[in-house]
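Top line first, the protein sequences correspond to chains A, B, C and D.
Mind the numbering: the first sequence is residues 1 to 288 in the numbering used here, read in order.
Mind the numbering: the second sequence is residues 1001 to 1288 in the numbering used here, read in order.
Mind the numbering: the third sequence is residues 2001 to 2398 in the numbering used here, read in order.
Mind the numbering: the fourth sequence is residues 3001 to 3398 in the numbering used here, read in order.
Each residue gets a CB set at the ideal place from its N, CA and C atoms; glycine is no exception.
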Amino acid sequence: MAILVDKNSRVMVQGLTGGAGKFHASRMLEYGTNIVGGTSPGKGGLTVHDKPVFDTVEECVKQTGADVSVIFLPAVAVKEAAIEAIRAGIKFLVVIPEHIPIHDMLHIREEAVRGGTTVIGGNTAGIISPGQANLGIMPDIAFTPGRVGTVSRSGSITYYVADTLTRTGYGESTCVGLGGDPVLGSTFDEILLKFEEDPETKAVVMTGEIGGVYEERACGVISKMKTPVLAMVGGIFAPPGKRMGHAGAIVEGKMGTAKEKLEMLAGAGAHPCKTFKDIPETLKKLGV
Amino acid sequence: MAILVDKNSRVMVQGLTGGAGKFHASRMLEYGTNIVGGTSPGKGGLTVHDKPVFDTVEECVKQTGADVSVIFLPAVAVKEAAIEAIRAGIKFLVVIPEHIPIHDMLHIREEAVRGGTTVIGGNTAGIISPGQANLGIMPDIAFTPGRVGTVSRSGSITYYVADTLTRTGYGESTCVGLGGDPVLGSTFDEILLKFEEDPETKAVVMTGEIGGVYEERACGVISKMKTPVLAMVGGIFAPPGKRMGHAGAIVEGKMGTAKEKLEMLAGAGAHPCKTFKDIPETLKKLGV
Amino acid sequence: MRLYEFEGKALFREFGIPIPEGRLAGNHQEVHEIARALNQPVVLKSQVLTGGRGKAGGIKFADNADEALKTAEELFKIKIKGYPVERLLIEAKFEIQHEYYIGVTIDRANYKLVIIASGEGGVDIEETAEKYPDKIFRKSLSVKQELYSFDALNIAKKIGIPSEHLKTAAAIIVDLFKMFKAYDAKLVEINPLVLTADNRLIAADSRISLDDDALFRHPELKAIGIEKRHEEGEMTPREQQAHEWGIPYLDLDGNIGMFPGGAGFGIMGNDFIHYYGGQPANFMDSGGGPSPERIAKMLVLLDENPNVNAIFGARFGGISRCDDFAKGVVMFLKEHGLSKPIVMRMTGNMWREGVKIFENAKKENPKLFEKVEFHGIETPIEEISKRAVELAAGRGAR
Amino acid sequence: MRLYEFEGKALFREFGIPIPEGRLAGNHQEVHEIARALNQPVVLKSQVLTGGRGKAGGIKFADNADEALKTAEELFKIKIKGYPVERLLIEAKFEIQHEYYIGVTIDRANYKLVIIASGEGGVDIEETAEKYPDKIFRKSLSVKQELYSFDALNIAKKIGIPSEHLKTAAAIIVDLFKMFKAYDAKLVEINPLVLTADNRLIAADSRISLDDDALFRHPELKAIGIEKRHEEGEMTPREQQAHEWGIPYLDLDGNIGMFPGGAGFGIMGNDFIHYYGGQPANFMDSGGGPSPERIAKMLVLLDENPNVNAIFGARFGGISRCDDFAKGVVMFLKEHGLSKPIVMRMTGNMWREGVKIFENAKKENPKLFEKVEFHGIETPIEEISKRAVELAAGRGAR
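What follows is the structure in structure tokens.
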């Protein structure tokens, strides 16, 4: 099994006729992802890789039964595209583009909560449930079906973690890229809860990063999870990030340094790892 | 009994330190209205007519238990004042000023529906439950406690109707001025329903006017009411009002002429009256 | 208040809605210059604040600048529904491939903004709406909601805009909705939105009505000449005078001068006069809490109207105070003098004080009150109405 | 990106938030003129994009224009945290009665905008927040919500603004919140908001940070000189070069040139180098899907950095393609040449094509690859990190 996407997901691509959309759609199809169509306003009626293109998500959903969407559009178009998908009933949305305005992400998040849609990104490499579906820009070379889930703010870290899990025979149930932007569609805790509910996921590797507040948000969930969580945090040796004025310091308090994050996660019951090779060693100890 | 306000209502005045607020508050107090305080931002701590003035409605509600408010403020300040009252938990709000921007009234209405507040006005003479409370600018000379409710878009018509009911011995339970503006806080149907629930109100005189769509909205309710409704509509001989472009005609269809309104109301079961003296004659026939 | 076509188009341009190339001309020489600069066939559009301008001959075409000059000379002479043509909008002519309709207005019964669109634009849109309601597409939004491009695209699709123009049309719809909200509009219409033979989408006409009461929020409009005005058309000299004094006033065809308090009874009082066989000469509203000066000016308007035989007065003091009312009447009687008979009724807030003012003035100078019949709450308003009809019919003082 | 104080104050003025009378000076003569025109005691404020300017002596007072001139001459010579003072904001001095704090920022954990206010403004506000959390008032709003005057008045009351200034303070808070939304800000602060001895409320300082990614929505800012820039401070020459090339880059203190793919591994790779005893010379992010030209430029930055002893390269092709990566490396080797040893690992999208490009180039000219140690998916990244540390320590090619 897997979380969020599997071989039964009916996947559409917003921006299917664009350069990136077309290129990655073909990769996703090659991987076996069940792409059913896509959108490109004003280009309804065309086909790309033999899949129908529609003017609006609403039409695409009606005609193809799409329930998952991946956005490949310029950052300026993401706010409306995401809200369109949410309003059209898409239940899981992957936002690939980077440089999305933060206020736009706040709007998207509000609509997503209201519409009951899970959003990942922006600035994510996407999500892969190995052997079933690959949504986004992740290279399939690192991934193999298996029993460990991963969730990370970084695409490259996701590849290295999966590479390690694949190499050591664990494989992955689903690998989720939360995205690298300061405000994201989903947070670690929300994804961890989904892994907790997945019987095939025997452990989760969560890789965080200096800055932001999402790792801290995860602690409450980790302390209640039965599935073991392995945690890495990048930036232990990075110079401390600059705070945004007094207000940032007041709102986010002591949050943000990698060392503190890792300590908090460990305190909540996660198993800390330094480099990737600590991952299989820890899994072995845990008997996963 | 009465609807919306009675002698137990705890009434506050927004704009209590202003000229109009002060003047009419004293009249309202003289009538016996239970005014408990008022607001004037920046003037918290003063008293007017021995009643305490607060900076915000929230404070006034907390300190005095106010549950009804009357707004005497310039039109530009009404939107925020009304929303403030609604958010502070005021359950019945009387908006006296005229010339409130229509878009502002749409905002107020949305907040009122969400907050469960009944709003009357803008551009209303107010509401009076004779012998109990007089909220707004209505002269008390025309009113006497009794058994007929009135609801009108016009202050002057309210006075004439009450004058007639008083003169003929029926008296009034409550007289409601919906207000003269194109978009109002409440509609005829909403007020009629409240009269229907009041056991002391034996009949309702509803006086409408050429233009707008509120009389038409009332028909559905009238046809289901047990309490008899008498209807007058002003503007039978007025030249037809100008439509607002094609869009106005499309949205409002055939609505709006006084003659059609009166016919529709009669069709829904209301008893049409031409001049005020028809009112007591009709009531007599109905055995009220 | 209604905007002229050229004013509406200036707002369209500000919001990025495409309009035809063109300029406003105040005389025929300017028309010549503009047409020469455009250097192509043009359309000359009379700028008047009334509908039906096309059917009345207010829109003409010309193939070149000289022809435009001649046509303009004629247009500047005509009147449309009584309104003289003082300005012409001169625009490059275009060939029509299709006409669409897009409008935004307020659905008062449901407290929503509503976007209306149709694939059958043009002057017959109302007929289309009535006969073929399926051809009209509506979308309601709360005043707090944003109109998103995908919603607009959906509307554009539903009214049959061709694929290659969907994004442009959606942008126009989104911008029109933004403009509606930004300027506190009551109505904005593009009718027709034209798809030209050379495949451009253009707002060929504008119809905009703004909320007078929200003008204070838009001082920038004053800079481009858009100020408070009547909803439609121009005014009679007396209406113009009343407008300058800030008094809502309309001339009607009868001979009874209507001097009521409040708009509500202003309208219904007219019905009463009709019921008793009379004809009102006007509609008038005193506004809330009129000053004595304003009351006096209202009487001046009626007394100086040669059509008026008698005046019907009614005052139920609410926000208006009877003492101010009485002061105003006395001020008028003293400073202007009354030439027509008047019957009136006064009651409500401060009526005792009002009565005292009348009594004192009458004691001082009884002649002032010769033509005045004065009543209080004891006389039903129906009696006053009946008496005004008698007075106007020349059945004189009792 | 952070704005200068004077830029922030220009935006305050636009939104009606009161600021002190004053002007910007680029040299000491201008300071003299401005101070003379103000004709009263002034404050000279160094305009640098860093905090702690007051404690570093960047803010001075002067009683008259001549004194201001002298003080300015000194200020133009100093550096604040390494940043030279190039401009001074000259403002009329005022006496402080009380200092308040008002800020708006984004609460990322809860997806809300949050207004923060305190009756204890000034540079020690963070300390206050930590020691006396009761003295900090917060209000969270959704990005779709409006801040109403009564909410703002409530905030003003809670932080102890005196009655007679409540309405002014509320207007400032409402305007600050509007400005936050209107300009897609990440942070706006008035600290301190000063109640002067003569009873005026004034935004004495501004701290504003805007969202670079939303600048496209605000072309009007460019007109007043506000363009995309770093969050804080100025850049080293190499950072400046990288910035011009659009490459996120930061100089660090070590000797290993970091050439990773992706920001995530860019950060974590630095930790790995530390774990194996090395010190990175930089942080760098290739950005999504870099072109060969960009890859080549990234290598130029590292190769020309005299602190760099060896280069650590890692590429996991995702949105970036290994063939483009390999092309960029080869382009660099051919056109620039490599002077330091490099160890790198490449895998992911199009890795086969990438390997082929390397092999062909090597076949063509094996000398180009003399200092290159190249690995694929078979070698864990830990081994590459370890090897980079060895190379930088001079433990040479194996």
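Chain A within 9 Å of D/Arg3023, Cβ atoms only
For the purposes of this step, residue 3023 of chain D is identified with residue 23 of the fourth sequence, where counting begins at 1. Taking Cβ atoms only, chain A never reaches closer than 9 Å to D/Arg3023, which makes this a no.
Along chain C, in chain order, which residues have C-beta atoms closer than 7 Å to that of A/Gly45?
For the purposes of this step, residue 45 of chain A is taken as residue 45 along the first sequence, with counting starting at 1. Ser2163, listed in chain order.
Verify the CB distance criterion: does A/Asp104 have a CB-CB separation below 9 Å to chain C?
If you number the first sequence from 1, residue 104 of chain A lands on position 104. No, its Cβ sits nowhere closer than 9 Å to a Cβ of chain C.
Which residues bound the beta strand (DSSP E) around C/Leu2193?
Counting from one through the third sequence, the residue named residue 2193 of chain C turns up at place 193. That run of the beta strand (DSSP E) goes 2185-2196.
Cα separation between B/Met1028 and B/Val1013?
Residue numbering aside, residue 1028 of chain B sits at position 28 when the second sequence is read from its first letter. Residue numbering aside, residue 1013 of chain B sits at position 13 when the second sequence is read from its first letter. Between the C-alpha atoms of B/Met1028 and B/Val1013 there is a straight-line separation of about 10 Å.
At the 9 Å Cβ level, is A/Arg87 part of the contact set with chain C, yes or no?
Working through the first sequence from its first residue, we reach residue 87 of chain A at position 87. Yes, its Cβ sits closer than 9 Å to a Cβ of chain C.
Beta strand (DSSP E) segment containing B/Ser1129, residue limits:
For this step, residue 1129 of chain B is matched to residue 129 along the second sequence. 1126-1129 is the extent of the beta strand (DSSP E) around B/Ser1129.
Could you tell me whether any Cβ in chain D is nearer than 9 Å to the Cβ of B/Gly1235?
Translated into positions along the second sequence, residue 1235 of chain B becomes position 235. No, B/Gly1235 lies away from the interface with chain D (no Cβ there is under 9 Å from its Cβ).
Which whole-angstrom value is the C-beta distance of D/Phe3259 and D/Leu3302, which I expect to be below 8 Å?
Indexing the fourth sequence from 1 puts residue 3259 of chain D at position 259. Indexing the fourth sequence from 1 puts residue 3302 of chain D at position 302. At roughly 6 Å, the Cβ-Cβ gap stays under 8 Å, so D/Phe3259 and D/Leu3302 are in contact.
Can you find a C-beta in chain D that's less than 9 Å from the C-beta of B/Glu1098?
In the second sequence, residue 1098 of chain B corresponds to position 98, counting from 1. It does not: the Cβ of B/Glu1098 has no partner Cβ on chain D nearer than 9 Å.
With DSSP collapsed to three states, give me the class of C/Ala2169.
Within the third sequence, the letter at position 169 stands for residue 2169 of chain C. The answer is helix: DSSP assigns C/Ala2169 an H, G or I state.
Consider the Cβ of B/Tyr1170: report whether some Cβ of chain C lies at a distance smaller than 9 Å.
As a first step, residue 1170 of chain B is located in the second sequence; it is residue number 170 there, counting from the start. No, its Cβ sits nowhere closer than 9 Å to a Cβ of chain C.
Considering only C-alpha positions, which residue in the set C/Ser2209, C/Ile2172, C/Ile2224, C/Ala2214 is nearest to C/Ile2202?
Against the third sequence, residue 2202 of chain C aligns to sequence position 202. Comparing Cα-Cα distances from C/Ile2202 to each of C/Ser2209, C/Ile2172, C/Ile2224, C/Ala2214, the minimum goes to C/Ile2172.
In terms of residue numbering, what span does the beta strand (DSSP E) encompassing D/Ala3062 cover?
Here the question's residue 3062 of chain D lines up with position 62 in the fourth sequence. First-last of the beta strand (DSSP E) with D/Ala3062: 3059-3062.
Along chain C, in chain order, which residues have C-beta atoms closer than 7 Å to that of A/Glu83?
Here residue 83 of chain A refers to the residue found at position 83 when the first sequence is read from its first residue. The sequence as given places Ile at residue 83 of chain A; Glu does not occur at that position. Below the 7 Å Cβ cutoff, chain C contributes Tyr2148 as neighbours of A/Ile83, in chain order.
With a threshold of 9 Å between beta carbons, is B/Ile1191 in contact with chain C?
As a first step, residue 1191 of chain B is located in the second sequence; it is residue number 191 there, counting from the start. For B/Ile1191, the answer is no, since every Cβ of chain C falls outside 9 Å of its Cβ.
Delimiting residues of the beta strand (DSSP E) encompassing A/His145
As a first step, residue 145 of chain A is located in the first sequence; it is residue number 145 there, counting from the start. The sequence given here places Pro at residue 145 of chain A; His does not occur at that position. Looking at the DSSP string, the run of the beta strand (DSSP E) that includes A/Pro145 is 145-152.
Spatial neighbours of D/Lys3081 in its chain, beta-carbon cut-off 6 Å, leaving aside the 5 residues before and after:
Looking up residue 3081 of chain D in the fourth sequence gives position 81. Closer than 6 Å at the Cβ level, and outside the excluded window around D/Lys3081, lie Thr3050.
Label D/Phe3094 either buried or exposed according to how many other C-beta atoms from any shown protein chain fall within 10 Å of its C-beta, with 16 as the threshold for buried.
Position 94 of the fourth sequence, counted from the start, is the residue given in the question as residue 3094 of chain D. When all chains shown are included, D/Phe3094 counts as buried.
Between which two residues does the beta strand (DSSP E) containing A/Gln14 stretch?
Walking along the first sequence from the start, residue 14 of chain A turns up at place 14. A/Gln14 -> beta strand (DSSP E) spans 11-14.
Can you tell me the Cα-Cα spacing of D/Arg3108 and A/Ile108, whole angstroms?
Here residue 3108 of chain D refers to the residue found at position 108 of the fourth sequence. Here residue 108 of chain A refers to the residue found at position 108 of the first sequence. Here the alpha carbon of D/Arg3108 sits roughly 13 Å from the alpha carbon of A/Ile108.
What residues of chain B sit near D/Lys3157, judged by a beta carbon separation below 7 Å?
Locating residue 3157 of chain D in the fourth sequence gives position 157, counting from the first residue. Result: Asp1055.
So for B/Leu1135, helix, strand or coil by DSSP?
As a working note, residue 1135 of chain B is residue 135 in the second sequence. B/Leu1135: strand per DSSP, three-state reduction.
Considering B/Glu1172, what are the terminal residues of the alpha helix (DSSP H) in which it resides?
Position 172 of the second sequence, counting from 1, holds the residue named residue 1172 of chain B. It is not in any alpha helix (DSSP H) - B/Glu1172 instead sits in the beta strand (DSSP E) that spans 1172-1177.
Opening and closing residue of the alpha helix (DSSP H) in which C/Ala2129 lies
Along the third sequence, read from residue 1 onward, the residue named residue 2129 of chain C stands at position 129. From DSSP, the alpha helix (DSSP H) with C/Ala2129 extends over 2125-2131.
Which value, in whole angstroms, describes the spacing of the CA atoms of B/Ala1247 and D/Asp3324?
By one-based count along the second sequence, residue 1247 of chain B stands at place 247. By one-based count along the fourth sequence, residue 3324 of chain D stands at place 324. About 57 Å.
Are the CB atoms of C/His2375 and C/Val2343 nearer to each other than 9 Å?
Position 375 of the third sequence, counted from the first residue, corresponds to residue 2375 of chain C. Position 343 of the third sequence, counted from the first residue, corresponds to residue 2343 of chain C. Yes, these two residues count as a Cβ contact at 9 Å.
For chain B, find out if any of its Cβ atoms is closer than 9 Å to the Cβ of D/Ala3170; answer yes or no.
As a first step, residue 3170 of chain D is located in the fourth sequence; it is residue number 170 there, counting from the start. By this cut-off, D/Ala3170 is an interface position.
Ignore the nearest five residues each way along the sequence and tell me which others in D/Gly3318's own chain have a CB closer than 7 Å to its CB.
Within the fourth sequence, residue 3318 of chain D is the residue found at index 318, counting from 1. Taken in chain order, the residues that qualify are Gly3348, Asn3349.
Rounded to a whole number of angstroms, what is the C-alpha to C-alpha distance between D/Lys3009 and D/Pro3219?
Here residue 3009 of chain D refers to the residue found at position 9 of the fourth sequence. Here residue 3219 of chain D refers to the residue found at position 219 of the fourth sequence. D/Lys3009 and D/Pro3219: Cα-Cα distance of roughly 18 Å.
Can you check whether the C-beta of C/Leu2391 is within less than 9 Å of a C-beta belonging to chain B?
Looking up residue 2391 of chain C in the third sequence gives position 391. No - not a single Cβ of chain B is within 9 Å of the one on C/Leu2391.
Considering just the uninterrupted stretch of the beta strand (DSSP E) at D/Arg3138, what are its terminal residues?
Here residue 3138 of chain D is taken as the residue at index 138 of the fourth sequence, counted from 1. Per DSSP, D/Arg3138 belongs to the beta strand (DSSP E) from 3136-3141.
Round the Cβ separation of B/Ala1125 and B/Ile1137 to the nearest angstrom and send it over; I've been treating them as touching at under 8 Å.
Reading the second sequence from its first residue, position 125 is the one you call residue 1125 of chain B. Reading the second sequence from its first residue, position 137 is the one you call residue 1137 of chain B. With 8 Å as the limit, B/Ala1125 and B/Ile1137 qualify as a contact, their Cβ atoms being about 5 Å apart.
Would you mind listing the alpha helix (DSSP H) stretches within the region 2277-2328 of chain C that are 4+ residues and don't spill past its ends, in chain order?
2292-2303
Tell me which residues of the region 59-78 of chain A have at least one Cβ-Cβ distance to chain D shorter than 8 Å, keeping chain order.
Ala75, Val76
In chain B, which residues lie less than 9 Å from D/Lys3178 when you measure between Cβ atoms?
Numbered from its first residue, the fourth sequence carries residue 3178 of chain D at position 178. Those within 9 Å of D/Lys3178 in chain B number zero; the least Cβ separation is about 14 Å.
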